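Number of protein chains: 2
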Amino acid sequence: MTCDITIKDVAKQANVSVATVSRVLNGLDRVSDQTRKKVLKVVKELNYVPNTMAASMITKQTQMLAVVVPEIENPFYTSVIKGTVNVAKERGYNTFVFSTNDSESEEDTFFESSLRRNVDGIVLIGAHKDPVFYQKMNKPVILVDRYIDGCGLDGVIIDNFGGAYEATKYLIEYGHRDIAIITGPQTFNDGTERYWGYQQALKDNGIELVSDYQKHGDWFENNGYQSTKELMKLPKPPTAIFAANNLICQGTIKALRDLDLTIGLDVSLVGFDANDLAEFVKPRVSVVKRPTYEMGTHAAEMLIEKLKQVEKNESFPKKVTLGVELQKFGSVKYLG
Amino acid sequence: MTCDITIKDVAKQANVSVATVSRVLNGLDRVSDQTRKKVLKVVKELNYVPNTMAASMITKQTQMLAVVVPEIENPFYTSVIKGTVNVAKERGYNTFVFSTNDSESEEDTFFESSLRRNVDGIVLIGAHKDPVFYQKMNKPVILVDRYIDGCGLDGVIIDNFGGAYEATKYLIEYGHRDIAIITGPQTFNDGTERYWGYQQALKDNGIELVSDYQKHGDWFENNGYQSTKELMKLPKPPTAIFAANNLICQGTIKALRDLDLTIGLDVSLVGFDANDLAEFVKPRVSVVKRPTYEMGTHAAEMLIEKLKQVEKNESFPKKVTLGVELQKFGSVKYLG
DNA sequence: CCTTTTTGTAAAAACGTTTACATTTGGATT
DNA sequence: AATCCAAATGTAAACGTTTTTACAAAAAGG
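Quick note, the sequences are listed as chains X and V, same order. Residues are numbered in the numbering used here as their position in the first sequence, beginning at 1, plus a constant of 57. Residues are numbered in the numbering used here as their position in the second sequence, beginning at 1, plus a constant of 57.
Structure below.
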């Protein structure tokens with residue numbers, strides 16, 4: 058188990074040329090059975106482990122991927138990472154994991170190091186907002202979750218609009234009119250589409266938008282917590298809240314608990330994306346569930362597929378939208 | 058932002074030799090200010106990005122680390138990963154993240170690929186049990202959380218014994234005698250030391266061990282859930298439970314909720330390691346908190362420090378034990 | 001003004017592979 | 001037995017760097 062043994066040592070020991078050893082190991086060219094066995098025996102004896110880097114210099118392929126997420130401690134991203142890493146492993150790729158803290162400059166430093174390292178491709182949940190940034194990508198990239206229109210890249214996203222629309226419609230069907238939304242910044246499609254879905258559902262049912270009921274903050278728990286408290290302090294508080302991501306939903310659940318308000322009784326709640334608390338509290342909180350792991354696997358598969366296409370047949374960008382599922386539990390009160 | 062520009066292109070464009078360009082970029086040898094500026098200008102103009110791999114072939118350093126964990130979706134491990142990755146990034150290293158599913162064979166395949174890729178060092182939460190496996194490591198390795206005695210490697214662990222002892226003592230001081238433990242396998246020090254701590258605290262206080270009160274399963278939530286239900290079904294159920302990791306604790310909380318038992322009233326509970334549910338429920342669950350992020354940073358720092366020591370001055374293995382903190386909340390009833 | 005030292009730069013050899021091309025081998029066909 | 005062809009193997013040039021060696025030019029010292 059040492060790595061200071063090179064292909065030359067194997068060649069010498071086996072009385073063949075390095076080319077032959079290489080051929081045996083990569084199995085591309087024909088080698089006689091006799092020499093194959095002889096070489097493999099020596100490889101085993103010496104515990105020879107090929108140096109991937111040296112090979113990469115020739116082949117121009119590193120068999121390395123990168124997956125870039127805003128925050129490695131958010132379970133949603135971890136799930137995407139796991140999906141990507143697993144598929145990559147299956148296909149013989151190793152994966153770098155980067156966490157950008159949703160900062161453009163940290164993402165920039167990542168891109169430089171991924172360039173230096175010649176990663177073959179990137180699964181990216183990007184921090185950059187400008188399509189121009191994405192246009193000048195010189196490597197295969199699959200965007201996940203966030204998609205920048207006009208960037209020219211492939212992407213795997215989910216049906217944010219549909220999920221939010223269904224969630225809101227569900228509240229309306231249960232008789233709610235005063236429906237609040239707590240959501241993140243309107244920077245990316247995740248924010249905008251969920252907000253649109255909410256808006257559209259209200260419009261389609263003839264419910265007027267109330268600006269006090271719309272809380273646009275960040276995507277973190279504290280936004281959910283504070284916004285919920287503010288909402289419930291209003292002269293006429295909403296009867297239902299749509300929490301537009303996992304952390305916000307957790308914040309809302311905590312705030313309602315601290316306000317001594319019972320979910321599904323005093324206030325109705327629907328979340329977006331699964332989370333520990335939503336599953337724990339009684340009644341369990343209804344959520345729009347999205348296929349997080351599958352987003353990761355799908356992206357990895359698309360990426361590796363793309364790598365195989367020798368020709369860069371500049372096809373049109375492919376955007377895959379995965380469906381979501383509204384899971385109904387007891388957190389929504391029927392107002393009749 | 059292309060990577061097909063090599064040091065030769067820069068050299069040609071700047072009318073210097075490749076050696077000079079290399080010297081400018083690495084800043085080791087002396088270069089006149091004039092040529093330095095000239096070269097840097099061309100570097101910028103051409104958007105030259107050095108190829109790390111080619112450099113690695115010479116320097117024998119890849120500036121790549123690996124961090125290996127059993128399960129990337131467990132928040133404890135994610136926190137360790139984050140610590141390691143952040144320190145690595147600061148020091149100019151990129152980090153591979155591997156998840157082994159706690160399987161020895163998956164760990165083996167990882168080791169081979171890390172060998173092929175010539176990672177400089179490894180932060181490892183290992184799946185292997187046999188010290189012999191660790192003894193034949195040919196790369197700098199820092200073990201985290203789990204430490205195999207006699208493996209000859211450096212490690213960063215926490216005070217499992219002390220934490221478990223304190224937790225149990227705390228329960229005893231509050232008047233409890235019938236104290237159960239739900240813990241994982243006794244394969245590694247994490248399991249054994251926590252169990253010993255529990256045992257010792259009982260012994261030191263003259264409390265006899267009851268085998269029915271000791272649940273040894275795996276480290277997952279379902280073990281906590283099922284074991285709790287079994288415990289509470291006993292003719293004489295325990296008055297207090299020590300849940301020996303984060304997931305088990307979550308399982309216990311859920312089981313008690315489903316059994317309609319109130320924490321801190323019907324049953325007392327202390328957990329090991331923070332978790333969402335312990336922080337959420339009222340009363341909040343007391344836990345032994347461990348410095349997860351710091352375990353990652355500390356390990357990375359030790360590793361990088363080790364890499365700097367040119368001489369492999371085969372010193373004795375260094376085992377660092379980080380302290381834990383018992384955080385007391387309302388989950389333990391005072392029995393007087 | 002000549003010698004010695006310092007400074008800046010270039011040339012070339014490595015690093016461990018892959019691969020295009022060249023050569024050898026051996027069996028089949030004349 | 002001579003010839004040919006395919007299969008098997010060897011040779012050597014790449015890949016993009018770093019680093020050692022060498023050498024010229026400039027600076028310093030007598």
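For each residue, glycine too, the CB sits at the ideal point set by N, CA and C. Everything numeric in this text was worked out from a predicted model, so none of it was measured.
Measure from the alpha carbon of residue i to the alpha carbon of each residue in the options, then state which is nearest.
{"i": "residue 272 of chain V", "options": "V:150, V:264, V:243", "result": "V:243"}
{"i": "residue 267 of chain X", "options": "X:280, X:186, X:136, X:292", "result": "X:292"}
{"i": "residue 104 of chain V", "options": "V:114, V:61, V:346", "result": "V:61"}
{"i": "residue 289 of chain X", "options": "X:304, X:270, X:274, X:276", "result": "X:270"}
{"i": "residue 308 of chain V", "options": "V:283, V:134, V:324, V:151", "result": "V:283"}
{"i": "residue 97 of chain V", "options": "V:107, V:198, V:81", "result": "V:81"}
{"i": "residue 404 of chain V", "options": "V:199, V:303, V:73, V:340", "result": "In this structure chain V extends from 58 to 393, so residue 404 of chain V is not present and cannot be described."}
{"i": "residue 64 of chain V", "options": "V:135, V:107, V:84", "result": "V:107"}
{"i": "residue 380 of chain X", "options": "X:164, X:327, X:215", "result": "X:215"}
{"i": "residue 275 of chain X", "options": "X:256, X:263, X:302, X:257", "result": "X:302"}
{"i": "residue 129 of chain X", "options": "V:121, V:122, V:141, V:361", "result": "V:141"}
{"i": "residue 246 of chain V", "options": "V:262, V:263, V:213", "result": "V:213"}
Do we get a CB-CB distance below 8 Å when we pair residue i with the residues of chain X?
{"i": "residue 67 of chain V", "result": "no"}
{"i": "residue 127 of chain V", "result": "no"}
{"i": "residue 385 of chain V", "result": "no"}
{"i": "residue 142 of chain V", "result": "yes"}
{"i": "residue 97 of chain V", "result": "no"}
{"i": "residue 114 of chain V", "result": "yes"}
{"i": "residue 151 of chain V", "result": "yes"}
{"i": "residue 355 of chain V", "result": "no"}
{"i": "residue 175 of chain V", "result": "yes"}
Identify the contact partners of residue i in chain X, using a Cβ-Cβ distance below 7 Å as the criterion.
{"i": "residue 169 of chain V", "result": "106"}
{"i": "residue 333 of chain V", "result": "333, 334"}
From the beta carbon of residue i, is the nearest beta carbon of chain V less than 8 Å away?
{"i": "residue 162 of chain X", "result": "no"}
{"i": "residue 279 of chain X", "result": "no"}
{"i": "residue 156 of chain X", "result": "yes"}
{"i": "residue 88 of chain X", "result": "no"}
{"i": "residue 326 of chain X", "result": "no"}
{"i": "residue 111 of chain X", "result": "yes"}
How many angstroms separate the CA atom of residue i from the CA atom of residue j?
{"i": "residue 221 of chain X", "j": "residue 166 of chain V", "result": "43 Å"}
{"i": "residue 170 of chain V", "j": "residue 71 of chain V", "result": "39 Å"}
{"i": "residue 278 of chain X", "j": "residue 124 of chain V", "result": "28 Å"}
{"i": "residue 177 of chain V", "j": "residue 225 of chain X", "result": "52 Å"}
{"i": "residue 30 of chain V", "j": "residue 75 of chain V", "result": "Here chain V covers residues 58 to 393 and nothing more, so residue 30 of chain V does not appear."}
{"i": "residue 382 of chain V", "j": "residue 219 of chain V", "result": "9 Å"}
{"i": "residue 87 of chain V", "j": "residue 95 of chain V", "result": "15 Å"}
{"i": "residue 286 of chain X", "j": "residue 366 of chain V", "result": "55 Å"}
{"i": "residue 329 of chain V", "j": "residue 384 of chain X", "result": "32 Å"}
{"i": "residue 240 of chain V", "j": "residue 259 of chain V", "result": "16 Å"}
{"i": "residue 310 of chain V", "j": "residue 155 of chain V", "result": "30 Å"}
{"i": "residue 253 of chain X", "j": "residue 163 of chain X", "result": "30 Å"}
{"i": "residue 389 of chain V", "j": "residue 248 of chain V", "result": "23 Å"}
{"i": "residue 264 of chain V", "j": "residue 229 of chain V", "result": "9 Å"}
{"i": "residue 188 of chain X", "j": "residue 207 of chain X", "result": "6 Å"}
{"i": "residue 373 of chain X", "j": "residue 138 of chain X", "result": "26 Å"}
{"i": "residue 172 of chain X", "j": "residue 217 of chain X", "result": "32 Å"}
Below 7 Å on C-beta distance, what does residue i contact in chain V?
{"i": "residue 258 of chain X", "result": "None at all; the shortest Cβ gap to chain V is about 30 Å."}
{"i": "residue 103 of chain X", "result": "Those within 7 Å of residue 103 of chain X in chain V number zero; the least Cβ separation is about 13 Å."}
{"i": "residue 245 of chain X", "result": "Within chain V, no residue comes near residue 245 of chain X; the closest Cβ sits about 22 Å away, beyond 7 Å."}
Which residues in chain X have a C-beta closer than 8 Å to the C-beta of residue i? List them in chain order.
{"i": "residue 130 of chain V", "result": "132, 135, 136, 139"}
Can you name the residues of chain X whose CB is closer than 9 Å to the CB of residue i?
{"i": "residue 329 of chain V", "result": "Result: empty, since nearest Cβ-Cβ is about 18 Å, beyond 9 Å."}
Run through chain V and tell me which residues come within less than 9 Å of residue i, C-beta to C-beta.
{"i": "residue 337 of chain X", "result": "307, 310, 311, 314, 333, 334, 337, 338"}
| Is the number of C-beta pairs between the stretch 223–237 of chain X and the stretch 290–304 of chain X that are closer than 8 Å three or more? | Contact holds: three or more Cβ-Cβ distances are below 8 Å.
| How do the stretch 194–214 of chain X and the stretch 334–344 of chain X stand: do at least 3 beta-carbon pairs fall below 8 Å, yes or no? | The answer is no - the stretch 334–344 of chain X does not touch the stretch 194–214 of chain X, with fewer than three Cβ pairs under 8 Å.
| request: Specify whether the stretch 311–323 of chain V and the stretch 96–103 of chain V touch according to this definition: at least 3 beta carbon pairs, one from each stretch, less than 8 Å apart. | output: no
| request: Examine the Cβ distances between the stretch 340–348 of chain V and the stretch 179–189 of chain V and report whether three or more of them are shorter than 8 Å. | output: Cβ pair count under 8 Å is below three, so no.
| message | I want to know whether the stretch 123–139 of chain X touches the stretch 110–122 of chain V - three or more CB-CB distances under 8 Å. | response | no
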